[in-house]
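J.: The opening residue of the sequence shown carries number 0 in numbering that gives the first Met the number 0; numbering runs sequentially from there.
Glycine included, each C-beta is placed from N, C-alpha and C at the ideal position.
Below is one structure. I have some questions about it.
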Amino acid sequence: MTKQVVKLSRVVIRFAGDSGDGMQLTGDRFTSETAGLGNDLSTLPDFPAEIRAPAGTLPGVSAFQLHFADHNIMTPGDAPSVLVAMNPAALKANLKDLPRGADLIVNTDEFTKRNLEKVGYPSNPIDDGSLDAYNVHAVALTSMTVEALKGYAISKKDAERAKNMYALGLLCWLYNRPSQGTLDFLRSKFAKSPDIMNANIAAYEAGWSFGETTEAFSVQYEIAPASMPAGLYRNITGNPALSLGLIAASEISGLPLFLGSYPITPASDILHELSKHKNFGVMTFQAEDEIAGIGAALGAAYGGALAVTTTSGPGVALKSEAIGLAVSLELPLLIIDVQRGGPSTGLPTKTEQSDLLQAMFGRNGEAPVAIVAPQSPSDCFFAAIEAARIAVEYRTPVFILSDGSLANGSEPWLVPDAASLPTFEPNFATGPNHTAADGTEEFWPYLRDPETLARPWAIPGTKGLEHRIGGIEKADGIGTISYDPDNHDKMVRLRQAKIDAIARTIPDITVDDPSGAARVLILGWGSTFGPIGAACRLVRTAGGNVARAHIRHLNPFPSNLGEILKAYDKVIVPEMNLGQLALLLRAKYLVDIISYNQVRGMPFKSDELAGVITDVLESL
0 MTKQVVKLSR VVIRFAGDSG DGMQLTGDRF TSETAGLGND LSTLPDFPAE IRAPAGTLPG
60 VSAFQLHFAD HNIMTPGDAP SVLVAMNPAA LKANLKDLPR GADLIVNTDE FTKRNLEKVG
120 YPSNPIDDGS LDAYNVHAVA LTSMTVEALK GYAISKKDAE RAKNMYALGL LCWLYNRPSQ
180 GTLDFLRSKF AKSPDIMNAN IAAYEAGWSF GETTEAFSVQ YEIAPASMPA GLYRNITGNP
240 ALSLGLIAAS EISGLPLFLG SYPITPASDI LHELSKHKNF GVMTFQAEDE IAGIGAALGA
300 AYGGALAVTT TSGPGVALKS EAIGLAVSLE LPLLIIDVQR GGPSTGLPTK TEQSDLLQAM
360 FGRNGEAPVA IVAPQSPSDC FFAAIEAARI AVEYRTPVFI LSDGSLANGS EPWLVPDAAS
420 LPTFEPNFAT GPNHTAADGT EEFWPYLRDP ETLARPWAIP GTKGLEHRIG GIEKADGIGT
480 ISYDPDNHDK MVRLRQAKID AIARTIPDIT VDDPSGAARV LILGWGSTFG PIGAACRLVR
540 TAGGNVARAH IRHLNPFPSN LGEILKAYDK VIVPEMNLGQ LALLLRAKYL VDIISYNQVR
600 GMPFKSDELA GVITDVLESL
């Protein structure tokens with residue numbers, strides 16, 4: 000039958016089901032096909048709070064949201080245009096986000112009396128009229144999948160598991176997504192289990208055919224490709240982007256890459272990804288605990304490697320003494336903190352900007368470090384290179400503050416030409432750098448570069464550069480143990496001055512203000528970049544004037560930040576914490592900051608921020 004094709008400019012789809020229903024895989028495959036068509040896209044996987052929660056319960060709901068469009072987009076979308084709910088728990092957990100009139104696809108097979116009672120439904124919402132505000136498509140996904148796979152040599156349980164592929168086939172038909180990439184993926188993924196492979200392919204094709212033939216879906220939708228700069232693109236999530244950025248930094252600098260890490264959610268994928276790239280000389284060490292991971296990395300830094308440790312907030316707390324040691328030793332070390340909801344174990348699968356103050360001050364004594372925060376999944380690649388540059392040139396630990404939404408979210412990435420990437424050199428010490436009173440040539444491990452204040456980096460075993468350093472305070476220059484109060488005061492100030500000096504090599508803050516007349520500035524850091532940008536677009540479309548700026552370097556701040564803050568009547572700083580950046584800005588620049596804070600384990604919604612901006616504009 001011929002069906003009407005409706006052209007749309009954007010769509011937001013959310014797949015939701017139990018953690019074992021394959022929602023992340025389904026979302027990932029739909030995303031891959033969408034990327035292949037040239038749409039701009041942004042994704043937000045929402046992992047369940049409890050990975051092993053009982054089936055059909057609210058804590059075990061897994062969701063994947065994809066926003067794709069024929070134009071530039073900045074967020075995974077505020078509210079889904081389409082919700083695919085595989086069971087009552089998925090419906091109940093996500094229905095609050097679904098706008099009236101949106102499409103709702105529900106798997107009727109799972110709406111049994113027992114499953115409804117599990118989540119507190121007194122009656123079946125499909126039948127009782129409570130879903131009348133939505134465009135409901137009641138589809139028996141499970142039973143239709145089992146029926147489609149009757150002739151295949153698999154168990155009924157395995158057949159039921161293929162319902163996510165049936166749903167994927169239906170959605171790919173509905174939005175005119177190609178099939179070949181998914182079919183190739185299934186052939187590769189299940190190559191060692193031909194029966195499972197063939198069943199999943201058949202389920203996908205059955206879902207597609209159902210969409211094509213059923214009268215339940217009378218239209219198909221078409222979203223044209225986005226206009227994007229020419230080049231080679233791939234869809235990328237934040238953790239793999241960080242991994243590739245570290246490899247690029249290793250190649251640029253000529254330093255071997257070493258990762259010492261304990262696997263912790265949501266940073267584990269960096270370890271997994273880097274372990275695949277031994278062809279680039281990458282060395283990975285999976286430690287038994289956080290302290291061993293950073294200890295090994297610090298040892299590798301002393302030995303002349305580009306040293307990295309990855310973690311999340313609880314791991315940073317455990318690594319704090321070793322980070323302090325790295326500050327004292329003045330060695331390059333990258334600490335990648337993929338932030339999650341806290342405190343303590345907190346919310347491992349939920350995002351939060353929880354650790355800025357911990358990165359800034361979470362060590363004993365005066366122990367300053369540099370801090371860089373990527374703004375998007377693809378920017379994680381460039382943030383890794385920038386952090387490595389700072390660490391190597393200034394001989395300092397550098398924090399990279401990513402978060403769960405960047406780590407697991409994805410977007411198209413224009414793969415850069417390797418020749419266009421910034422370069423930096425380790426400039427290892429090659430010979431003595433001091434002449435003693437008796438004329439003897441000596442090596443002083445704390446004799447600093449006058450511009451960067453970086454100390455020399457000598458590879459152990461180099462003849463004539465023998466030296467010993469440790470955690471006890473060192474004498475300036477010569478590096479021997481010192482308990483002299485004046486020397487300690489000098490070394491503390493030098494370590495701070497070295498971090499301050501980094502500001503000379505980082506770009507100034509740029510302000511986005513098309514009107515040139517804005518009196519209100521909204522300022523963000525990290526993953527708030529996308530929601531803030533989308534919110535400003537909404538406000539400007541409605542006729543409001545608002546300026547926008549983003550901070551990438553959090554320690555030190557860009558040199559012109561104070562000037563920019565004082566140029567506006569009002570400054571709004573949204574954060575997924577209780578105002579950590581706002582606290583730092585108020586303290587350093589003595590300016591009033593309007594904080595807007597949430598700690599819900601989810602990114603900001605753009606319409607929410609647009610409302611905040613509008614309220615401030617109306618107050619002027």
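Alpha carbon to alpha carbon, what distance is there between F398 and I334?
T.: Looking up residue 334 in the sequence shown gives position 335. Looking up residue 398 in the sequence shown gives position 399. Answer to the nearest angstrom: the Cα atoms are 5 angstroms apart.
J.: Between the alpha carbons of P228 and A34, how many angstroms are there, rounded?
T.: To locate residue 228, count along the sequence shown from 1; it is residue 229. To locate residue 34, count along the sequence shown from 1; it is residue 35. Distance between the alpha carbons of P228 and A34: 14 angstroms.
J.: Let me check understanding here. Comparing Cα to Cα, which of T30, Y261 and G523 lies closest to G294?
T.: Indexing the sequence shown from 1 puts residue 294 at position 295. Check the Cα spacing between G294 and each of T30, Y261 and G523: the tightest is with Y261.
J.: Just how far apart, CA to CA, sit S142 and P53?
T.: Residue mapping note: residue 142 aligns to position 143 of the sequence shown, counting from 1. Residue mapping note: residue 53 aligns to position 54 of the sequence shown, counting from 1. Computed Cα separation, rounded: 22 angstroms.
J.: Going by CA-CA distance only, name the one from N71, M73, N134 and F67 that's closest to L97.
T.: Along the sequence shown, one-based indexing puts residue 97 at 98. For L97, the closest of N71, M73, N134 and F67 by C-alpha to C-alpha distance is N134.
J.: Can you give the Cα-Cα distance for F423 and R394, rounded to whole angstroms?
T.: Here residue 423 refers to the residue found at position 424 of the sequence shown. Here residue 394 refers to the residue found at position 395 of the sequence shown. Cα to Cα, the separation comes out at about 13 angstroms.
J.: Which ranges does the alpha helix (DSSP H) cover as unbroken runs of at least 4 residues, wholly within the segment 82 to 143, from first to last along the chain?
T.: 87 to 93 and 112 to 117
J.: Mind reading off the beta-carbon distance from L580 to V572? Whole number of angstroms is fine, and I expect it under 8 angstroms.
T.: Numbered from 1 along the sequence shown, position 581 holds the residue referred to as residue 580. Numbered from 1 along the sequence shown, position 573 holds the residue referred to as residue 572. The Cβ separation is near 6 angstroms, so the contact holds.
J.: Could you check whether L270 and D336 sit closer than 8 angstroms to each other, using their CB atoms as the reference points?
T.: Here residue 336 corresponds to residue number 337 of the sequence shown, with the count starting at 1. Here residue 270 corresponds to residue number 271 of the sequence shown, with the count starting at 1. Cβ atoms of D336 and L270: not closer than 8 angstroms.
J.: Among F603, P425, D416 and A382, which one has its Cα closest to the Cα of P75?
T.: Here residue 75 refers to the residue found at position 76 of the sequence shown. When each option's Cα is compared against that of P75, the closest is F603.
J.: For T636, which residues in the same chain have their Cβ closer than 8 angstroms to its Cβ, ignoring the five residues on either side in sequence?
T.: As shown, the chain starts at 0 and ends at 619. That puts residue 636 outside it, with no answer to give.
J.: List in chain order: all unbroken beta strand (DSSP E) runs of 3+ residues lying wholly within the segment 283 to 346.
T.: Every unbroken stretch of the beta strand (DSSP E) spanning 3 or more residues and falling wholly within the segment 283 to 346 is given here in chain order: 305 to 310 and 332 to 338.
J.: Does the segment 364 to 378 come within contact of the segment 425 to 440, defined as at least 3 CB pairs closer than 8 angstroms?
T.: no
J.: From W172 to D511, what does the alpha carbon distance come to, in whole angstroms?
T.: In the sequence shown, counting from the first residue as 1, residue 172 sits at position 173. In the sequence shown, counting from the first residue as 1, residue 511 sits at position 512. Taking the straight line from one Cα to the other gives about 40 angstroms.
J.: Helix, strand or coil for G476? Go by DSSP, reduced to three states.
T.: Looking up residue 476 in the sequence shown gives position 477. Collapsing the DSSP output to three states places G476 in a strand.
J.: For I246, collect the residues of the same chain with a Cβ closer than 8 angstroms to its Cβ; drop the 5 residues on either side in sequence, then sort them by chain order.
T.: As a first step, residue 246 is located in the sequence shown; it is residue number 247 there, counting from the start. Taken in chain order, the residues that qualify are L256, L273, H276, F279 and V281.
J.: Please tell me whether N86 and G55 are closer than 8 angstroms, where the distance is taken between their beta carbons.
T.: Here residue 86 corresponds to residue number 87 of the sequence shown, with the count starting at 1. Here residue 55 corresponds to residue number 56 of the sequence shown, with the count starting at 1. Yes; because the gap between Cβ atoms is below 8 angstroms, this pair is in contact.
J.: Using the C-alpha atoms, what's the distance from P224 back to V307?
T.: Residue mapping note: residue 307 aligns to position 308 of the sequence shown, counting from 1. Residue mapping note: residue 224 aligns to position 225 of the sequence shown, counting from 1. Straight-line Cα distance between these residues: approximately 38 angstroms.
J.: Quick one: what does DSSP say Y229 is sitting in, helix, strand or coil?
T.: What you label residue 229 is simply residue 230 of the sequence shown in a count that begins at 1. The sequence given here has Ala at residue 229, not Tyr. If DSSP states are grouped into helix, strand and coil, A229 belongs with coil.
J.: With 16 other CB atoms within 10 Å as the buried threshold, where does H552 fall?
T.: Your numbering for residue 552 matches position 553 in the sequence shown. So H552 ends up on the buried side.
J.: Under 8 angstroms, with one C-beta from each stretch per pair, do the segment 173 to 182 and the segment 124 to 140 reach the 3-pair mark?
T.: no
J.: Tell me the rounded alpha-carbon separation between I50 and V570.
T.: Looking up residue 50 in the sequence shown gives position 51. Looking up residue 570 in the sequence shown gives position 571. Cα to Cα, I50 sits roughly 40 angstroms from V570.
J.: Can you tell me which of A147, E250 and D402 puts its alpha carbon nearest to the alpha carbon of A418?
T.: On the sequence shown, position 419 is the one that residue 418 refers to. When only C-alpha atoms are compared, the closest one is E250.
J.: Looking at the structure shown, is F29 part of a helix, part of a strand, or coil, going by DSSP?
T.: Walking along the sequence shown from the start, residue 29 turns up at place 30. Looking at F29 - three-state DSSP - the assignment turns out to be helix.
J.: Over the uninterrupted alpha helix (DSSP H) stretch that includes G259, give me the two end residues.
T.: Locating residue 259 in the sequence shown gives position 260, where the first residue counts as 1. Annotation for G259: no alpha helix (DSSP H) segment contains it, though the beta strand (DSSP E) segment containing it runs L256 to S260.
J.: Given D268, which residues of its chain have a CB within under 6 angstroms of its CB, disregarding the five upstream and five downstream residues?
T.: What you label residue 268 is simply residue 269 of the sequence shown in a count that begins at 1. N238.
J.: Exposed or buried, V4, counting other C-beta atoms within 10 Å across all chains shown (16 or more means buried)?
T.: Translated into the one-based positions of the sequence shown, residue 4 becomes position 5. Classification of V4: exposed, given that the 10 Å Cβ count is below 16.
J.: Can you tell me which residues form a DSSP beta bridge with K6?
T.: Taking the sequence shown and counting its residues from 1, the one referred to as residue 6 is at position 7. In DSSP, K6 forms a bridge with E221.
J.: Given this structure, state the Cα-to-Cα distance separating K318 from I290, to the nearest angstrom.
T.: Counting from 1 along the sequence shown, the entry for residue 318 is found at position 319. Counting from 1 along the sequence shown, the entry for residue 290 is found at position 291. Taking the straight line joining both Cα atoms gives about 5 angstroms.
J.: Consider the C-beta atom of L577 and the heavy atoms of the ligand ZN; say whether any pair is separated by less than 7 angstroms.
T.: Absent from the structure shown: the ligand ZN. Ligands present: none.
J.: Let me check one thing: in DSSP terms, what residues is V11 bridge-paired to?
T.: In the sequence shown, counting from the first residue as 1, residue 11 sits at position 12. DSSP output for V11 lists H66 as bridge partner(s).
J.: Determine the direct distance from the alpha carbon of A372 to that of I501, and round the result to whole angstroms.
T.: What you label residue 501 is simply residue 502 of the sequence shown in a count that begins at 1. What you label residue 372 is simply residue 373 of the sequence shown in a count that begins at 1. The alpha-carbon separation between I501 and A372 amounts to approximately 15 angstroms.
J.: In whole angstroms, what separates the C-alpha of D606 from that of R536?
T.: Your numbering for residue 606 matches position 607 in the sequence shown. Your numbering for residue 536 matches position 537 in the sequence shown. The straight-line gap from Cα to Cα measures roughly 10 angstroms.
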